[in-house]
Structures are given as structure tokens and as C-alpha cells.
Amino acid sequence: DTGVSQDPRHKITKRGQNVTFRCDPISEHNRLYWYRQTLGQGPEFLTYFQNEAQLEKSRLLSDRFSAERPKGSFSTLEIQRTEQGDSAMYLCASSLALAGEQFFGPGTRLTVL
Amino acid sequence: GNSVTQMEGPVTLSEEAFLTINCTYTATGYPSLFWYVQYPGEGLQLLLKATKADDKGSNKGFEATYRKETTSFHLEKGSVQVSDSAVYFCALSDSGGGADGLTFGKGTHLIIQP
Numbered sequence: 001d002t003g004v005s006q007d008p009r010h011k012i013t014k015r016g017q018n019v020t021f022r023c024d025p026i027s028e029h030n031r032l033y034w035y036r037q038t039l040g041q042g043p044e045f046l047t048y049f050q051n052e053a054q055l056e057k058s059r060l061l062s063d064r065f066s067a068e069r070p071k072g073s074f075s076t077l078e079i080q081r082t083e084q085g086d087s088a089m090y091l092c093a094s095s096l097a098l099a100g101e102q103f104f105g106p107g108t109r110l111t112v113l
Numbered sequence: 114g115n116s117v118t119q120m121e122g123p124v125t126l127s128e129e130a131f132l133t134i135n136c137t138y139t140a141t142g143y144p145s146l147f148w149y150v151q152y153p154g155e156g157l158q159l160l161l162k163a164t165k166a167d168d169k170g171s172n173k174g175f176e177a178t179y180r181k182e183t184t185s186f187h188l189e190k191g192s193v194q195v196s197d198s199a200v201y202f203c204a205l206s207d208s209g210g211g212a213d214g215l216t217f218g219k220g221t222h223l224i225i226q227p
């Protein structure tokens, strides 16, 4: 399967714990995006990378959220000191710069107890 | 800021009925417009797109026309099938082609009954 993959698919954690999610984009794609989707809502854009450079991070929800893409391939999204309001589906997408179409992964569902 | 408004669901239709899902947007400049679809148990997939005014995007029998004068991008299909049951999201991007972050509507759940 050469699509976007995300790991884990489900994560249950207790409030106050840190969590990290991984995204592996389609191999030739140089742009990688993170979104959050809560129940009954559309995806909400968080941040994106072109290669290893994070081009937009002002939309990250708070300073508890951070993302990295150290070698321009896979990316990680970390949430520190999780809160119940962080419970959501976290989606990753990738694309070729300027080509536009974003290909989405299956998402990681986070539940904070 | 940018926003997308689409009709509330669920929308329930019989097979072979005509479908319209309304989508209107607010954006600065000249956005690109998209419809994404999420089938049960699957990830989001691009259904169709239009990058400038009066463009018509089409795919799998679905069509949508970029109407700048009414800031709309309504999704239509002449004859729906049970397999079209899914959640449909309208989205926009400020950049040409959607290379930057997308702004999504809330989604419309479509249910097609045999």
C-alpha cells in the first residue's frame, strides 16, 4: 500500500499525559499537513511542512501542540499535558507542492480520559 | 477569515434521485474549491475541484461549478446510487490548486435508500 499511513490508529490516554502520533506520507510528496477533526465537524487545519521546513504553525491549537518533520519524510505530532478537549481524530495528508491534491491518511483517534 | 458553509444533514434520498448539496464560501482573493468524500470506514478522498471562476469540476457522475458571483460551489448528481452513501465535505484553499491548508465545511451525511 503506497498511501498515507498513520500510527497508531487509536490512542487512549489519561489527562495530563503526553502523546505522539506518526505520519508517513506518500514517498514522493514533499508537503505534509496535519488536521484535527472533532465529531460532527470538518477537518481543521493545524500545520504543514514543505520538506523539513514548517511553513505554517500559527494554527496549532496551543503551545502544547508541536510537530516535526526532521528529515523531510515522516512527521510526528506531539500533544503535551493532554486535556479531555483534545479528544478527536488527527488526520495527516500529503501532496506535491503546487500540484494541490492532498491525499489523506486514515487518521489517529485520540481519546483522553 | 475563510469559511465554508454547507447544508446540514443527513440528507436521505431514494436511489436514482437527483442530488444537490449546497456549499457557499467566504474568502479573500480567489480561492480554489474542492469536494471531498468520506465513505464509511475510509479516509477522505478528493472527489472534484475547480481552481477559477466558472470552472466545472466533475468525477464519478458528480459535478460542481465555481460561481464567483454567488460564492457557491454546489455539488450535483443526476442519479444517485446506494454506493454514493457517504459524508461529503466542501473545502477551499487560498493557494492555487490547494497546496496550502484547506478550510472545510462541517460535512453533509448522504444516505441513499434502495
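Read top to bottom, the protein sequences are chains A and B. Residues 1 to 113 in the working numbering are what the first sequence lists, from first letter to last. Residues 114 to 227 in the working numbering are what the second sequence lists, from first letter to last. Heads up, the beta-carbon is just placed ideally off N, CA and C, and yes, glycines get one too.
Rounded C-alpha distance that separates residue i from residue j
i, j, result
"S62(A)", "K173(B)", "40 Å"
"K11(A)", "L110(A)", "5 Å"
"M89(A)", "V112(A)", "12 Å"
"L114(B)", "L205(B)", "Before going on, a small fix: residue 114(B) reads as Gly here, not Leu. Each residue's Cα considered, the two are about 12 Å apart."
"Y35(A)", "T47(A)", "7 Å"
"K14(A)", "T82(A)", "8 Å"
"E129(B)", "D7(A)", "39 Å"
"Y143(B)", "L96(A)", "21 Å"
"L32(A)", "K57(A)", "12 Å"
"V4(A)", "F103(A)", "7 Å"
"V150(B)", "R180(B)", "21 Å"
"T164(B)", "D207(B)", "10 Å"
"G85(A)", "L60(A)", "14 Å"
"Q37(A)", "P227(B)", "30 Å"
"A166(B)", "Y152(B)", "28 Å"
"T139(B)", "G107(A)", "28 Å"
"F131(B)", "W148(B)", "17 Å"
CB of residue i within 8 Å of CB of residue j, strictly
i, j, result
"L223(B)", "G154(B)", "no"
"F21(A)", "L55(A)", "no"
"L91(A)", "G72(A)", "no"
"K162(B)", "L146(B)", "yes"
"V117(B)", "C136(B)", "yes"
"V195(B)", "I225(B)", "yes"
"F202(B)", "G42(A)", "yes"
"R128(A)", "F49(A)", "Here chain A comprises residues numbered 1 to 113, so residue 128(A) is not present and cannot be evaluated."
"G40(A)", "K190(B)", "no"
Proximal chain B residues relative to residue i, where beta-carbon distance stays under 9 Å
i, result
"F45(A)", "D213, G214, L215, T216 and F217"
"E56(A)", "D213 and G214"
Proximal residues of chain B, C-beta to C-beta of residue i below 8 Å
i, result
"Y90(A)", "The premise fails here: Y90(A) is roughly 12 Å from chain B at the closest Cβ pair, so nothing lies under 8 Å."
"R129(A)", "Residue 129(A) is absent from the structure shown; chain A starts at 1 and stops at 113."
Contacts that residue i makes with chain B (C-beta to C-beta distance below 7 Å)
i, result
"Q41(A)", "K219"
Closer than 9 Å at the beta carbon, the chain A residues around residue i
i, result
"F186(B)", "Result: empty, since nearest Cβ-Cβ is about 14 Å, beyond 9 Å."
Chain A contact residues for residue i, given Cβ-Cβ distances below 8 Å
i, result
"F131(B)", "Under the 8 Å cutoff, chain A gives no residues; its nearest Cβ is about 25 Å from F131(B)."
Rounded distance between the beta-carbons of residue j and residue i, thought under 8 Å
i, j, result
"Q119(B)", "T221(B)", "5 Å"
"F175(B)", "L157(B)", "Not confirmed; about 15 Å, so no contact."
Note down, in chain order, all residues in the stretch 215 to 226 of chain B with a beta-carbon under 9 Å from any beta-carbon belonging to chain A. If the cut-off is 9 Å between Cβ atoms, the stretch 215 to 226 of chain B has L215, T216, F217, G218, K219 and G220 near chain A.
Interface positions of the stretch 102 to 113 of chain A facing chain B (Cβ-Cβ less than 9 Å), listed along the chain: Near chain B, meaning a CB-to-CB distance below 9 Å, the residues of the stretch 102 to 113 of chain A are Q102, F103, F104, G105, P106 and G107.
Residues of the stretch 147 to 178 of chain B in Cβ contact with chain A at a cutoff of 7 Å, in chain order, please. Sequence-ordered contacts of the stretch 147 to 178 of chain B with chain A read G156, L157 and L159 [C-beta pairs closer than 7 Å].
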